[in-house]
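One structure below.
There are 2 protein chains.
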Amino acid sequence: MRTAICERLGVEFPLFAFSHCRDVVAAVTNAGGFGVLGAIAYTPEQLDTELTWIDEQVGGRPYGVDVLVPGKVDASALDGGARLAESIPERHRDFVTHLLSKYGVSGPAPVARASADELGRRVTAAGATGLVEVALKHPIGLIASALGPPPPEMVAGARAAGVPVAALVGTVEHARRQVAAGADLIVAQGTEAGGHTGEISTMVLVPQVVDAVAPVPVLAAGGIASGRQMAAAMALGAQGVWCGSVWLTTEEAETAPAVKRKLLAASSLDTVRSRSRTGKPARQLRSAWTEEWDAGQESPGPLGMPLQMLVAETAMQRIGQAAERGEPGAVELANYFVGQVVGQLDRVRPAREVVYEMVSEFGDAVERLARLSR
Amino acid sequence: MRTAICERLGVEFPLFAFSHCRDVVAAVTNAGGFGVLGAIAYTPEQLDTELTWIDEQVGGRPYGVDVLVPGKVDASALDGGARLAESIPERHRDFVTHLLSKYGVSGPAPVARASADELGRRVTAAGATGLVEVALKHPIGLIASALGPPPPEMVAGARAAGVPVAALVGTVEHARRQVAAGADLIVAQGTEAGGHTGEISTMVLVPQVVDAVAPVPVLAAGGIASGRQMAAAMALGAQGVWCGSVWLTTEEAETAPAVKRKLLAASSLDTVRSRSRTGKPARQLRSAWTEEWDAGQESPGPLGMPLQMLVAETAMQRIGQAAERGEPGAVELANYFVGQVVGQLDRVRPAREVVYEMVSEFGDAVERLARLSR
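Chains as they are written, first to last, in my numbering: chain V, 1 to 374; chain Z, 1001 to 1374.
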């Protein structure tokens, strides 16, 4: 299966794998797909280490890096060098303390102040650019920008290095804006996707974006975890697919075991678009965490990005540790970003096997369709 | 393009057109598709008249009838022969009066009590069965049941007449239940669809339903208004597609002119799943009506089905008349059931042309896909 984007990026199958785990990225790239490492969790130094490891694994095969550039953040929180953590209102801190106590989560206090500034920097344009500088020292084949348009210095740096820039969008309007800002490749992501996502479904969004930005190539994201779904996305006009959720239950994924069990057991009705983890609507597993923030009587309501991210991630670290110790309240609270395809994920497989099965099922689906129109 | 369902139903293209307008049903059937008349708006006598007209138009080509069988209604409202309209709480009546006044809608009082019992009967199993009895006297090729499983007497009647029964579902669980109740054909409808709809997208839902009910054939609904989307749906494993929204802006549709203009101008972001028109979540154009009921400070919240349907439809009749007179507040309130594909609908075309374009684009999409996998 060859699309123009395969030629351009030197990839065998136009199957892009977004993952925070370097092992998944390397496995997919080595299987003929295109691994993309989500860099948000790393400092520039850590990212350098991860990419060096990937370089050693993939022997020159193509992979990419994804950074988060929010279009709008609560910038006041970053002003004047004030420590970000200090901007979190007392009642939000109190609500987290109340939640952890209500669900009997043991362990140390949740607010890890030391990482607050770091996290804040990482979700701003300046922070993303720092990560991109590190990434461009490696032989990467793609820089992807989630949320906002890529800042001019990121585009300039990537251009100078000959690395295409991809941008994730949830509306036609955003797609046009991203192309105007210099994106070489658009990832049109439907509402069914995991993580930050809009309201329009993949089936509706992809053809509209394809038509709006032509001849800029479009990848489809959201609802894609099988070869039939890959064929459907490409019937809509996409040149390839961008998948995230399907890798969370692979052997290589570092998904916490308690969360992995919840993912394997979940149906497609068990996700929710919630602002409770990052401050922006992001699809994730429905859990006591999302229910308490979104519908709990005592909830102060989520903060904006990046403050809610800070509130959530520091609490989630503690919840995750308690869940691994088997504390039932912590298991109830634990969740992760995942799309509606979670209902299809019912066993742990090597990432390589997922790639091969998707490519094989894609071929079957196309053959079946071709027979119909004869 | 021939699928097993084409053979079984004697149809040229597996393109099913749901419409409340007999002209659309006849035009699609005559163009080689399969028109399905939504019967909820009719009394048994009116339905008989409409079907007689269709019979005269289609010369034996296949068409079907769709009835609404809610799984759960507020049955207490129908008990003891009490007049349904009398069950509407005072504050809901007052809210409608307030809304019409706030938006300056002129005209007579909104509650048409005479039609209340009628409407109530039409959304219950007993009411649906009455419509089905009439439909089965005509040479129909399909009975479709929206919302709940078809009642046993409906299945028995259809079986005796040799007419297959189709059922709309939004989850795998509902699909299994419908097959157990005797459905011969499942319409798996994604959240992006207009009207009553669930939360799971077409891209995610269709393959799961196909696998769960095999070998029962599945049609895909939701997000389908073009040949590319039809090809995508069939790549997912559907044997055909079920479309509703795309007909609303055809020449043949009796869509009110003010609403038609709103549909043509709307983007895919302009729909919302709201309980404000029927009491159950139904996707429709976002308008002052949905905003006031769902987020207005004075809103008493929507009632259940069928009471909210009664509240809404009687008010909407008056709003529609005022909108046609050009009253701006009425135009703000006016809306209609439509899916996210509304963003693709930007001109008025004959229904026949929509069918031909979809079939032609389907062929192009399949050919493009086939070239990719060579």
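Cβ atoms here follow ideal geometry from the backbone N, Cα and C, with glycine treated the same way.
Exercise for review: Only counting runs of 3 or more residues, tell me where the beta strand (DSSP E) segments fall wholly within the segment 179 to 213 of chain V, in order along the chain.
Suggested key: 185 to 189
Exercise for review: Measure the CB-CB distance between ALA1288 of chain Z and TYR1042 of chain Z and report whether it falls below 8 angstroms.
Suggested key: no
Exercise for review: Would you mind stating whether TYR336 of chain V and THR250 of chain V have Cβ atoms separated by less than 8 angstroms?
Suggested key: no
Review point. Is there a Cβ from chain Z that is less than 8 angstroms from the Cβ of PRO215 of chain V?
Key: no
Practice item. Could you tell me how far apart the beta carbons of VAL1065 of chain Z and VAL1036 of chain Z are, in whole angstroms, since I believe they sit closer than 8 angstroms? Key: 7 angstroms
Practice item. State the DSSP-derived secondary structure class of ARG325 of chain V, mapped to helix, strand or coil. Key: coil
**Study point:** Opposing strand residues paired with THR271 of chain V [DSSP bridges]
**Key:** V:LEU285
Exercise for review: Establish whether the CB of GLU199 of chain V and some CB of chain Z are separated by less than 8 angstroms.
Suggested key: yes
Practice item. Tell me, please, which residues DSSP counts as bridged to ASP1055 of chain Z. Key: In DSSP, ASP1055 of chain Z forms no bridge with anything.
Exercise for review: For the alpha helix (DSSP H) containing PHE95 of chain V, list its first residue and its last residue.
Suggested key: 90 to 102
Exercise for review: Note down, in chain order, each residue of its chain lying with its Cβ closer than 7 angstroms to the Cβ of GLN1178 of chain Z, except the 5 sequence neighbours on either side.
Suggested key: PRO1149, ALA1167, VAL1169, ILE1186
**Study point:** Within chain V, partners of GLY1104 of chain Z - CB distance below 7 angstroms
**Key:** Those within 7 angstroms of GLY1104 of chain Z in chain V number zero; the least Cβ separation is about 31 angstroms.
Check your understanding: Within 8 angstroms (strictly less), CB to CB, does LEU142 of chain V reach chain Z?
Key -> no
Exercise for review: My understanding is that LEU372 of chain V touches MET230 of chain V, with C-beta atoms under 8 angstroms, so please give their C-beta distance in whole angstroms.
Suggested key: Contact flag wrong, Cβ pair sits at about 18 angstroms.
Check your understanding: What are the start and end residues of the alpha helix (DSSP H) that includes CYS6 of chain V?
Key -> 4 to 9
Review point. Among residues of its own chain, excluding the 5 on either side of SER1019 of chain Z, which ones have a beta-carbon nearer than 6 angstroms to its beta-carbon?
Key: VAL1025, TRP1247
Exercise for review: Give a yes or no on whether 8 angstroms exceeds the smallest Cβ distance from GLY1064 of chain Z to chain V.
Suggested key: no
Review point. At least one CB of chain Z closer than 8 angstroms to the CB of ARG228 of chain V: is that the case?
Key: yes
Exercise for review: Please state whether DSSP places LEU37 of chain V in a helix, a strand or coil.
Suggested key: strand
**Study point:** 6 angstroms Cβ shell around ALA135 of chain V - same chain, five flanking residues per side excluded
**Key:** VAL65
**Study point:** Cβ of PRO207 of chain V within 8 angstroms of any chain Z Cβ
**Key:** yes
Check your understanding: From the beta carbon of ARG1002 of chain Z, is the nearest beta carbon of chain V less than 8 angstroms away?
Key -> yes
Review point. Between the segment 1180 to 1192 of chain Z and chain V, which residues of the former have a C-beta closer than 8 angstroms to a C-beta of the latter?
Key: GLY1190, THR1191, GLU1192
Check your understanding: Terminal residues of the continuous beta strand (DSSP E) containing VAL1216 of chain Z?
Key -> VAL1216 of chain Z -> no beta strand (DSSP E), and no H or E assigned at all.
**Study point:** For ARG392 of chain V, the three-state DSSP class (helix, strand or coil)
**Key:** Past the boundaries of the shown model lies residue 392 of chain V; chain V is included only from 1 to 374, so the question cannot be answered.
Check your understanding: Looking only at its own chain, which residues have a Cβ that is under 6 angstroms from the Cβ of VAL359 of chain V, when we skip the five neighbours before and after it?
Key -> PHE13
Check your understanding: Who are the near neighbours of ARG273 of chain V in its chain, counting only those whose CB is closer than 6 angstroms to its CB and skipping five residues on each side?
Key -> PRO281, ARG283
Check your understanding: Start and end of the beta strand (DSSP E) containing GLY1279 of chain Z?
Key -> Looking at the DSSP string, GLY1279 of chain Z is not in any beta strand (DSSP E), and its letter there is neither H nor E.
Check your understanding: When we look at the beta-carbon of GLY190 of chain V and count the other beta-carbons within 10 Å, is it buried (16 or more) or exposed?
Key -> buried
Review point. Does THR1202 of chain Z get closer than 8 angstroms to chain V when you measure Cβ to Cβ?
Key: yes
Exercise for review: Determine contact between the segment 1219 to 1235 of chain Z and the segment 1354 to 1368 of chain Z, defined as no fewer than three beta-carbon pairs at a distance below 8 angstroms.
Suggested key: yes
Point to revise | Members of the segment 347 to 360 of chain V near chain Z, C-beta cut-off 9 angstroms | key: none
**Study point:** Selection from V:ALA188, V:ASP55, V:LEU269 that minimises the alpha carbon distance to ARG286 of chain V
**Key:** V:LEU269
Check your understanding: When the cut-off is 8 angstroms and only beta carbons count, does LEU1171 of chain Z lie next to chain V?
Key -> It is Thr, not Leu, that sits at residue 1171 of chain Z in the sequence shown. Closer than 8 angstroms: yes.
Review point. Out of curiosity, what's the CA-to-CA distance linking GLU153 of chain V and THR129 of chain V?
Key: 7 angstroms
Point to revise | Where ASP1294 of chain Z falls: helix, strand or coil (DSSP) | key: helix
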